[in-house]
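**Q** Counting with the working numbering, you get residues 50 to 258 for the letters of the sequence shown.
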Amino acid sequence: RRGDCDDMSRVLVELLSTYNIPAVISIGYVYVSNFNFTVPIENVTYRYVNCGPHAFVMAYIPSEGWLSLDFLAFTLLAHPFICEGYSRETTVEEELVQEYLSLHRSLNATQVMMILSEEDLLKLLGGPLTLESVMKCLQDIVKIDGITPLDSLKEANSEHRDKEEAGKVDVIMPGVEYIVIVVITLLSLTLTIMFSKRSSRSAKASTQS
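#1: Measuring straight from C-alpha to C-alpha, what distance separates Val62 and Met107?
#2: Would DSSP call Val62 helix, strand or coil?
#3: Give the DSSP bridge partners of Thr179, in chain order.
#4: Within 8 Å (strictly less), CB to CB, does Glu144 reach chain B?
#5: Near Tyr97, which residues of its chain fall below 7 Å by C-beta distance, leaving aside the five closest residues on each side in sequence?
#6: Val88: which of Thr159, Pro177, Gly175, Leu165 sits nearest, CA to CA?
#7: So who's on the other strand from Phe130, going by DSSP bridges?
#8: Around the Cβ of Asn83, are there at least 16 other Cβ atoms within 10 angstroms (buried) or fewer (exposed)?
#9: May I ask you to report which of helix, strand or coil DSSP gives Ser151?
#10: Does DSSP classify Leu116 as helix, strand or coil?
#11: Below 8 Å on the Cβ atoms is my contact criterion, and I expect Leu174 with Val183 to pass it. Report the Cβ-Cβ distance as a whole number of Å.
#12: Which residues does DSSP list as the beta-bridge partners of Arg96?
#13: Whole-angstrom Cβ separation of Ile33 and Ser58, contact assumed at under 8 Å?
#14: Does the Cβ of Ile131 have 16 or more other Cβ atoms within 10 Å, making it buried, or fewer, making it exposed?
Given below as structure tokens:
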């Protein structure tokens, strides 16, 4: 009676399996323009830009093939779903949950997931499409109180070295004060566009010659 889309999907896969109906959970992200939200888990912040995580069940019906059993299926006509993978795992062990939470307590991190159309990308960059402009954009997204995560990490390492030299370090391995994990389609999309434009120019040059 409680749970998100992934929880309900696990229950449905189990139910279908009792009737010998093959089913898998499709996991990915729904693209929704101008939709942004943040999910904090312990010391880790998950930021979603133009998208939201989603999961639903695909069941195999012999006469029809693989069918989506997603309650949001009609909305996917307007908001495309980008599949990240499939799973048949329906059991979540308590031990794994505790390990997951423990990891999130040991980090101070921000993960950003963005899905952008080419138009959105150029608008976000506010200038020419270059690797430098993309990296600056990423830094602006994860910047906190005017300090970039990279600056924070450098400061943390410097403080640790000072304490280590003064003999004031109580732990053998220092904890990283700030880690930024950027899982993003922006960079790969940029490189794809750049290479496709180069290929297009090369093809035109070959045709003209």
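Glycine included, C-beta positions come from ideal geometry on N, C-alpha and C.
**A** Taking the structure as given:
#1: 9 Å
#2: helix
#3: Per DSSP, none; premise fails for Thr179.
#4: This model lacks chain B altogether, as it is built from one protein chain only.
#5: Asn85, Phe86, Met162
#6: Thr159
#7: Val79
#8: exposed
#9: helix
#10: strand
#11: 7 Å
#12: Thr87, Val161
#13: Because the chain is modelled from 50 through 258, residue 33 falls outside the range shown and cannot be assessed.
#14: exposed
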